[in-house]
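Residue numbers (mature numbering (1 follows the signal peptide of the UniProt record, and there is no 0)): -28 to -1, 1 to 769.
As structure tokens, the structure follows; a few thoughts come after it.
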Amino acid sequence: MLPRSFFSRPVMALALTAAALVEGPLCAADPAPFDLPGPGLRISVTRGDRTLPIAEVPNLATGDRLTIEADLPRDQRAHYILFSAFLSGATNPPPKDWVKSAETWKSKDKDRRLTLTVPKGARQMALFMVPETGGASGTIVDAVRDRPGEFVRAVQDLNQASLDRSRLNAFVAAIRAQENSHPEFLRTLAPALSNSLAIKLNPDCLAKVIELQAACLLENQDNLVLADIHSSSMTDTLIGAPTDLALQVSYTREAGLGYYSPYIGVIRDIARVFGAFGNPQFGYLPTLATRDGDRMSLLLNAAPSFAKPKSVLVAAMPAIDAVSPPRLRVTGDVPLCGARPGLVLPVEGAPLIYSTAFARNMTVSISAADGKRIDLPVRARADRGGYVLTEALPAGTLSGKVSAKLHGDWGFDSFEGPSFTLQFPGSGDWRAEDSGQSLVVGRDNSVALTGPAAACVTGVTMRTGSGAPQPVSFTLRGGDGITVTLPLKSARAGDVTLEVQQIGDEAPRSVSLRAFSPASRIDAVTLAKGDRFATLTGQRLDEIAGVEIGDVRLSPDGLTREADTDRLIVTAADGRLPAGNSAKVRLSDGRTLLVPITAAPPRPFATLIARSLTPKGATGAVTLATRDENVLPDHSRLTFSIRAVEGTRLDPTDAIEVAAPDAGPSVTLEGGRDVRLSAPDVAVAMLDPARLGPAAAGALRYRIVRGGIKGDWSPLATLVRLPGIDAITCAADGCQMAGSDLFLIDRVAANADMAGAVSVPPGFTAARLTVPPPQNGLLYITLRDAPAVVFAVAQKP
């Protein structure tokens, strides 16, 4: 007996149906699994002059001829009447003659066998196995005709659940087979099966010991079946639930967050549907159908009753609709090696190709460049993730790049699959795209190699100098190349030899390269019109010995680092203006690099016109005053104006960068917000020193920024942090200054020339400071941020 959790959530819904019909209290208990073997049926379908067993028929069509008979054991004692019913949609009751019956226990074929033709207008078909009872025919006919929509729903949901069951059966069978033969390979097999059959996989199971992996993978099987859009569309309902709506239903919490069949919500209504048919004479019992050849086996989850109400077994037949073959997609978009033993043509998008026999006579057609065509049979392998050849390719018949296409039959109809590109080893050498000039020791290097049949590469080894070869990693790159990662962190500069091994080659193919010491990486060489210097950006620019632009030689004249980028200024030694389209950069090891020059317009420059201060708020009760107009107190806003030099026009988007000294913090005053034009060559800007941060102080500078071009720095003002002085008081024992942040004061004197000044020790923390007696009510101080500037402090009366 199969475990209780064998089936998908749609199957569990059907189990709820049976529980509701057989015994009311069971509805509150766990549903029973569909593990009771029921009666079997032998079914064949003829279309035109071709006849197929039911296992190979995904859909029926108008005019199909069906032969259906019960497949019961020889000692069968209970007599069953086999009914067939065609349906024509939810709102159209079928004619009475669309319901046929056969007495399965009779000896003559015409009595025990149904021979049917699918009538025009039929859309669904159901089969009923009814215990021999008087009046059964009329009861079935009335039920089907009175509520056709309910049977439409039931048939479609039973069909969907059976398709889901086929995927789960295939997964369980493969896991069991692997467990019995080589359980150590479950770790690689289970993910492939999960992906191919759309089965939920618990990755924690693969971390367990080998003996426990299979049992873990098959736990909670009712939670394993994922949604399969293709099989859902094959059984699309006709009662108003389109595919996209059904998928939305499956994403709800009640429907399992999309883990199960997209019609799970509809299937859960089966109990209500069949319950409506119940009467004292008959109760309806859903069955799941598994197909094998011409046999359709029915599985039950409750024992049928032969006492009133007797159990009517309901089975679904394939939908009567246009063919809906799967839209197979190629897994990945890279060429395949046609010479690889056990070649797999990877596909995705239709789990039913692995779990059913709907896809028949599958063949791959290979077209060579010379027009030759080779047809070979293939077989779907869920454990391999695609189709595998069942016959070997003729040796030596193909080379280079060829195309291959899958095709076959889907039921009675032709089926065209996707196309693949196959590569076969041929003549030709492997080469590095940049001749290996970019190889640098001291780090890992990626090298792009181009050569014949890249898909057939099985390995690459590297040898430095006369050392031993070592394997290196590689990845496919496009259709004709690979990217090799060379570990050169501990290597020395010199020769590097790569050997490429390919399927079908007797000996590897060699590629000779050379590794260099680390060189400068130059991102750009920028030369502004009118400048006697150029700016290089990149990394390791300290290795640059010089630059030549035309006939002008430039020498390094200042290297700075901004974040992870070096910035090197090179200046013409003779003062001439360099001009040209490229720069020849000489490295310290003798190598030269030719780098294109990025031409820039003349760098913008403007002179300072005027400045004014606007207080933001007093820092203390006593005001500090100075005659130095260059001072910018930290509690004031600075408004300043600039004029562009002759020949330069300002743009409304031009920005002004203001920076503190010694590579201190900087702020960008944006055009249109902080900077506004009063004339084409005059701009007015406003600066709040707080934007530079609390630690900024000293000589500020500014420059114009236009896009990526920055002008020269010019002095703007001296930013000073002012202490908060509350009072200056004197007593018999001396005078004191009270306030906050007194550590900002450098010296205090009674005279403007600072003679006899008292120095404030660094790190002063007190709120009172002993000072000289004021002269004429004034004291004079200098600040640490501007030691040369004298401030006057008036003593309040």
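Each residue gets a CB set at the ideal place from its N, CA and C atoms; glycine is no exception.
All values derive from a computational prediction rather than experimental measurement.
Inset, instruction - Assuming SER686 and ARG673 form a contact by the criterion Cβ under 8 Å, report the distance between their Cβ atoms to the nearest whole angstrom. - result: Reading the sequence shown from its first residue, position 714 is the one you call residue 686. Reading the sequence shown from its first residue, position 701 is the one you call residue 673. That pair is a contact at about 6 Å.
Legend entry - DSSP state of GLY380 mapped onto helix, strand, coil: Along the sequence shown, read from residue 1 onward, the residue named residue 380 stands at position 408. GLY380 falls in the strand class under three-state DSSP.
Inset, instruction - Would you please state the rounded distance, in angstroms, between the beta carbons of PRO733 and LEU716? I believe it to be under 8 Å. - result: Working through the sequence shown from its first residue, we reach residue 733 at position 761. Working through the sequence shown from its first residue, we reach residue 716 at position 744. Contact flag wrong, Cβ pair sits at about 13 Å.
Inset, instruction - Taking only the alpha-carbon atoms, compute the straight-line gap between PRO769 and THR701 and give it to the nearest angstrom. - result: Position 797 of the sequence shown, counted from the start, is the residue given in the question as residue 769. Position 729 of the sequence shown, counted from the start, is the residue given in the question as residue 701. C-alpha separation (whole angstroms): 9 Å.
Inset, instruction - Only counting runs of 4 or more residues, tell me where the alpha helix (DSSP H) segments fall wholly within the segment 669 to 737, in order along the chain. - result: none
Legend entry - the segment 335 to 345 touching the segment 429 to 436, judged by at least three CB pairs closer than 8 Å: no
Legend entry - Proximity of THR469 and SER482 at Cβ, strictly below 8 Å: Residue mapping note: residue 469 aligns to position 497 of the sequence shown, counting from 1. Residue mapping note: residue 482 aligns to position 510 of the sequence shown, counting from 1. Yes, the pair counts as a contact, with Cβ atoms nearer than the cut-off.
Legend entry - Residues of its chain near PHE736, where Cβ-Cβ distance is below 7 Å and the 5 sequence neighbours each way are ignored: Working through the sequence shown from its first residue, we reach residue 736 at position 764. Same-chain partners within the cutoff: LEU714, PHE715.
Inset, instruction - Determine the burial state of THR63: buried for a count of at least 16 other Cβ atoms within 10 Å of its Cβ, exposed for fewer. - result: Within the sequence shown, numbered from 1, the residue matching residue 63 stands at position 91. Counting Cβ neighbours within 10 Å, THR63 comes out exposed, since fewer than 16 surround it.
Legend entry - ALA227 (DSSP reduced to helix, strand or coil): As a working note, residue 227 is residue 255 in the sequence shown. In this predicted model, ALA227 has a pLDDT of only 30, less than 50, meaning its place in the structure is not dependable; the value taken from the coordinates is given anyway. ALA227 carries a coil assignment under DSSP once its states are collapsed to helix, strand and coil.
Inset, instruction - Mind the definition here: the segment 522 to 541 touches the segment 502 to 514 only if three or more C-beta pairs lie below 8 Å; say whether that holds. - result: yes
Inset, instruction - Compute the beta-carbon to beta-carbon distance between PRO666 and CYS707, rounded to the nearest angstrom, for a pair I have assumed lies under 8 Å. - result: Residue numbering aside, residue 666 sits at position 694 when the sequence shown is read from its first letter. Residue numbering aside, residue 707 sits at position 735 when the sequence shown is read from its first letter. Not really, about 31 Å apart at Cβ, beyond 8 Å.
Inset, instruction - Measure the C-alpha to C-alpha separation of VAL617 and ILE676 and round it to an integer number of angstroms. - result: Position 645 of the sequence shown, counted from the start, is the residue given in the question as residue 617. Position 704 of the sequence shown, counted from the start, is the residue given in the question as residue 676. Between VAL617 and ILE676, the C-alpha separation is close to 12 Å.
Inset, instruction - Return the CA-CA distance between SER204 and GLN132, expressed in angstroms with no decimal places. - result: Indexing the sequence shown from 1 puts residue 204 at position 232. Indexing the sequence shown from 1 puts residue 132 at position 160. Residue placement at SER204 is flagged as unreliable, the pLDDT there being 49, under the threshold of 50; the coordinate-derived value follows with that caveat. Whole-angstrom Cα-Cα distance: 7 Å.
Inset, instruction - Please determine if the segment 411 to 424 and the segment 267 to 275 are in contact, where contact requires at least 3 C-beta pairs separated by less than 8 Å. - result: no
Inset, instruction - List in chain order: all unbroken beta strand (DSSP E) runs of 3+ residues lying wholly within the segment 243 to 316. - result: 254 to 258, 260 to 264, 267 to 272, 282 to 288
Inset, instruction - Specify the secondary structure class of ARG356 as computed by DSSP and reduced to three states. - result: Position 384 of the sequence shown, counted from the start, is the residue given in the question as residue 356. In this structure, ARG356 counts as coil in the three-state DSSP scheme.
Inset, instruction - Could you check what DSSP says for THR105 in three-state terms: helix, strand or coil? - result: Sequence index remark: in the sequence shown, residue 105 carries index 133 (1-based). Coil, per DSSP.
Inset, instruction - Could you name the residues of the same chain whose beta carbon sits closer than 6 Å to that of residue 773, not counting the 5 residues immediately before and after it, in chain order? - result: A question about residue 773 goes unanswered here, because the residues of the chain that appear run from -28 up to 769.
Legend entry - Endpoints, beta strand (DSSP E) assigned at GLY10: Start at 1 with the first residue of the sequence shown, and residue 10 comes out as number 38. Run containing GLY10: 8 to 19, per the beta strand (DSSP E) assignment.
Legend entry - Residues sharing a beta bridge with ARG648, DSSP: For the purposes of this step, residue 648 is identified with residue 676 of the sequence shown, where counting begins at 1. Its beta-bridge partners are VAL656.
Legend entry - Burial state of ALA535, where buried means 16 or more other Cβ atoms lie within 10 Å: The residue given as residue 535 occupies position 563 in the sequence shown. Classification of ALA535: exposed, given that the 10 Å Cβ count is below 16.
Legend entry - DSSP three-state assignment for LYS68, whether helix, strand or coil: Stepping through the sequence shown from its first residue, residue 68 is reached at position 96. In this structure, LYS68 counts as helix in the three-state DSSP scheme.
Legend entry - ALA291, buried or exposed, once every other Cβ within 10 Å from all chains shown has been counted against 16: Along the sequence shown, read from residue 1 onward, the residue named residue 291 stands at position 319. Classification of ALA291: buried, given that the 10 Å Cβ count is 16 or more.
Legend entry - Minimum C-alpha distance to LEU285 - residue among LEU257, ALA440, LEU622: In the sequence shown, the residue the question calls residue 285 occupies position 313. For LEU285, the nearest C-alpha among the options comes from LEU257.
Legend entry - Own chain, CB closer than 6 Å to SER371, minus 5 neighbours either side, in chain order: Working through the sequence shown from its first residue, we reach residue 371 at position 399. Answer for SER371: PHE396, GLY398, listed in chain order.
Inset, instruction - In the DSSP assignment, find the beta strand (DSSP E) that holds SER584 and state where it starts and stops. - result: By 1-based counting over the sequence shown, the position of residue 584 is 612. Taken as a continuous stretch (DSSP letters only), the beta strand (DSSP E) holding SER584 covers 578 to 587.
Inset, instruction - Using the DSSP secondary-structure output, state which residues sit across from PHE157 in a beta bridge. - result: Here residue 157 refers to the residue found at position 185 when the sequence shown is read from its first residue. DSSP output for PHE157 lists no bridge partner at all.
Legend entry - Beta-carbon proximity list for LEU24, same chain, < 6 Å, skipping 5 on both sides: In the sequence shown, the residue the question calls residue 24 occupies position 52. Contacts found: VAL17.
Legend entry - Spatial neighbours of PRO459 in its chain, beta-carbon cut-off 6 Å, leaving aside the 5 residues before and after: Looking up residue 459 in the sequence shown gives position 487. So the list reads ASP416, once near-sequence residues are dropped.
Inset, instruction - Give every residue of the same chain whose Cβ lies closer than 7 Å to the Cβ of ASP83, excluding the five residues on either side of it in the sequence, and list them in chain order. - result: Position 111 of the sequence shown, counted from the first residue, corresponds to residue 83. The residues are ALA74, GLU75.
Inset, instruction - Can you have a look at THR742 and say buried or exposed, based on whether 16 or more other CB atoms are within 10 angstroms of its CB? - result: For this step, residue 742 is matched to residue 770 along the sequence shown. When all chains shown are included, THR742 counts as exposed.
Inset, instruction - Could you spell out where the beta strand (DSSP E) holding LEU604 opens and where it closes? - result: Position 632 of the sequence shown, counting from 1, holds the residue named residue 604. It spans 603 to 605 - the beta strand (DSSP E) in which LEU604 sits, taken as one unbroken run.
Inset, instruction - Run the CB neighbour count on LYS373, radius 10 Å, all protein chains shown included, and call it buried at 16 or more, exposed below. - result: Position 401 of the sequence shown, counted from the first residue, corresponds to residue 373. The residue in question, LYS373, is buried, as its Cβ has 16 or more Cβ neighbours within 10 Å.
Legend entry - Alpha-carbon spacing of ARG464 relative to ARG351, whole angstroms: Your numbering for residue 464 matches position 492 in the sequence shown. Your numbering for residue 351 matches position 379 in the sequence shown. If I take the Cα positions, the gap works out to 52 Å.
Legend entry - Closest Cα partner of PHE384 within the set ASP21, TYR752, PRO120: Counting from one through the sequence shown, the residue named residue 384 turns up at place 412. Closest option to PHE384, Cα to Cα, is ASP21.
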